[in-house]
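Below is one structure; the comments refer to it alone.
Chains as they are written, first to last, in the working numbering: chain G, 10 to 400; chain U, 1299 to 1501.
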């Protein structure tokens, strides 16, 4: 009976937020997105609320890669709204604390580096719109999101966000505030990697987003610990041709460093407790099964039916216990904003008024040339932002 | 392995049976009209409608109480709007504050204040040109209204954050600037602080 109850109890609950494909496709087509973005919209509507923020994040970056700026801005605004919603999580998400639900049942909000990147990318879009004040607001919020790290000395240490906040201040005519931001930015970088300050004639900034960002992986006996590995990248560095000379665009941020320095989460502790309980339950099940089988064999050898039956009962109890153990879900949530870049590179420069395009040289990890890019420019009022996304 | 890990299996069976009660389905509802001045069920840390309403209501009350808000020629004073400056950590629509203040002043000032539509100057000049060329009908030729006072403001914030949650103090300041003398004939402010903790599942 116990087994039957367990099996009944383990019946899966249908995802209440799942919509059928027809509805998803209709909603996606109502948005009227570019053809290449349709799969992202379909996924957004099909996978429901628990995945919505993750799918908006994916949609936003895909839209940026395809220069669909409005779609990207709209998606990032939704992401930011979700990130900023504090307070009790919805009941379904809170079940992630239960032994019998895994962490990835909760509504995705991303880890600190993902939340910070949502703000940084929104800031870049505001820069493209020449809305320097709102861009600055977003770069300030990058550091606020990063403050969820455990180690106070590592909280809010995004050199790229500081530099970009300085760029906004500089172009808003707040020179002193700009210098303070750049001082802060350089304090976070090693002497070798310090970012250049713009000269008086610099009217443009190049932001290069390179490679694939950090990937979340489960560690521990039951995958209960959240860990990271670096994403694969074909392009590790990039150079911009300025006045017939290729100039390296310095690295401002390494997302793997940001992701892996968050420290231990409260959910890591919860998942470890679940893993402990699972291990303990598995051990208890093994003990019951081994003891029960021994007792059964002893009963059979001694021709004692009662002992044999007791042994079988204990074995069955062991099997039930093992079943319970397997239903405990300690695995860490490894859903990842997989389109993020690995690194952010920044270079201010003087864009000649007669330039129609910019040339880039792409380099691999060893410094070998892995490709070239030519980016067309449509001149507008300064400051210009040139965004290069290369994998 | 912790000791409770061994003791737990027996109680787990009971807990399991109790814990496997059917999952509460997420309730959904059709969109409803709610009071824009009250905090919604979905609250965020940024500037929300209730903040906008509280700030602008207060500023309009203060502006209407301001003595000396008059044109130097004894005519109804004319006010121009400059979008607020955003120095906070929240991206906002910078026109929404002055737009609501203007709407409230238009409603409550009983014609004692006039506004100029400087945000529509291109269209207005085009129409004036057409009138001057005689291509469209025109009444009495009049000059564009000059601005007696500019209404503008600034939004600043101080933010704190940690693994448990966030705290944001926001300061909204507004002022009326005399365009002849650069004197600030009125200034007002509103401040608020929001704190929120992150649910355990996100920490």
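Cβ coordinates follow ideal geometry from the N, Cα and C atoms, glycine included.
In this text, all values refer to a predicted model and were calculated from it rather than measured experimentally.
Query	Result
Integer Cβ distance of residue 190 of chain G from residue 172 of chain G, believed to fall under 8 Å	7 Å
Host beta strand (DSSP E) of residue 385 of chain G (start-end)	378-385
Beta-carbon proximity check, residue 64 of chain G vs residue 46 of chain G, cutoff 8 Å	no
Environment of residue 126 of chain G [buried if 16+ CB atoms lie within 10 Å]	buried
Beta-carbon gap between residue 72 of chain G and residue 84 of chain G smaller than 8 Å	yes
Any chain U beta carbon closer than 8 Å to residue 44 of chain G	no
Within-8 Å CB hit, residue 1450 of chain U to chain G	no
Proximal residues of chain G, C-beta to C-beta of residue 1496 of chain U below 7 Å	95
Partner residues on chain G for residue 1433 of chain U, Cβ-Cβ distance less than 8 Å	Within chain G, no residue comes near residue 1433 of chain U; the closest Cβ sits about 32 Å away, beyond 8 Å.
Listed by chain order, chain C residues near residue 1336 of chain U by CB distance under 9 Å	Annotation note: the requested chain C is absent from the structure, which comprises protein chains G and U.
Residue 153 of chain G: contacting residues in chain U (beta-carbon distance under 7 Å)	1387, 1457, 1459, 1464
Listed by chain order, chain G residues near residue 1383 of chain U by CB distance under 7 Å	142
Residue 147 of chain G: contacting residues in chain U (beta-carbon distance under 7 Å)	1389
Neighbourhood of residue 1336 of chain U by C-beta distance below 8 Å, restricted to the same chain and skipping five residues each side	1348
For residue 1484 of chain U: DSSP bridge partner residues	U:1474
Cβ-based burial, residue 115 of chain G [other Cβ within 10 Å; buried from 16]	buried
Within-8 Å CB hit, residue 73 of chain G to chain U	no
Listed by chain order, chain G residues near residue 1270 of chain U by CB distance under 8 Å	Residue 1270 of chain U cannot be examined here, being either before or after the span of chain U that is shown, 1299 to 1501.
Cα-Cα separation between residue 283 of chain G and residue 97 of chain G, rounded to whole angstroms	22 Å
Residues of its chain near residue 1334 of chain U, where Cβ-Cβ distance is below 8 Å and the 5 sequence neighbours each way are ignored	1347, 1348, 1351
Spatial distance of residue 183 of chain G from residue 201 of chain G (CA atoms)	27 Å
Chain U contact for residue 236 of chain G (CB, 8 Å cutoff)	no
Proximal residues of chain U, C-beta to C-beta of residue 129 of chain G below 9 Å	Neighbours of residue 129 of chain G on chain U: none; closest Cβ ~12 Å, over 9 Å.
Residues of its chain near residue 1325 of chain U, where Cβ-Cβ distance is below 8 Å and the 5 sequence neighbours each way are ignored	For residue 1325 of chain U, the pLDDT reaches just 49, beneath the cut-off of 50, and the residue's location in the model is therefore unreliable, although a value from the coordinates is still provided. Here the set comprises nothing.
Contacting residues, own chain, Cβ-Cβ under 7 Å from residue 1303 of chain U (five flanking each side not counted)	Residue confidence is low: residue 1303 of chain U scores 49 on pLDDT, short of 50, so the model does not pin down where it sits. No coordinate-derived value is stated.
Residue 1500 of chain U, DSSP secondary structure in three states	helix
Length of the line joining the Cα atoms of residue 108 of chain G and residue 185 of chain G	53 Å
Residue 234 of chain G, enclosing beta strand (DSSP E) - first and last residue	234-238
Secondary structure of residue 1332 of chain U, DSSP reduced to three states	coil
Close-in-space but distant-in-sequence residues of the same chain around residue 181 of chain G (CB under 8 Å, 5 per side omitted)	141, 142, 145
Limits of the alpha helix (DSSP H) - the one that residue 1346 of chain U falls within	Premise fails: residue 1346 of chain U is in no alpha helix (DSSP H) and is neither H nor E.
Contact set between the stretch 58-71 of chain G and chain U, restricted to residues whose Cβ is under 8 Å from the partner	58
DSSP state of residue 368 of chain G mapped onto helix, strand, coil	strand
Residue 1487 of chain U to residue 1364 of chain U span [Cα, whole Å]	14 Å
DSSP bridge partner residues for residue 126 of chain G (one or two, in chain order)	Partner(s): none; residue 126 of chain G has no beta bridge.
Where residue 320 of chain G falls, given that 16 or more other Cβ within 10 Å makes a residue buried	buried
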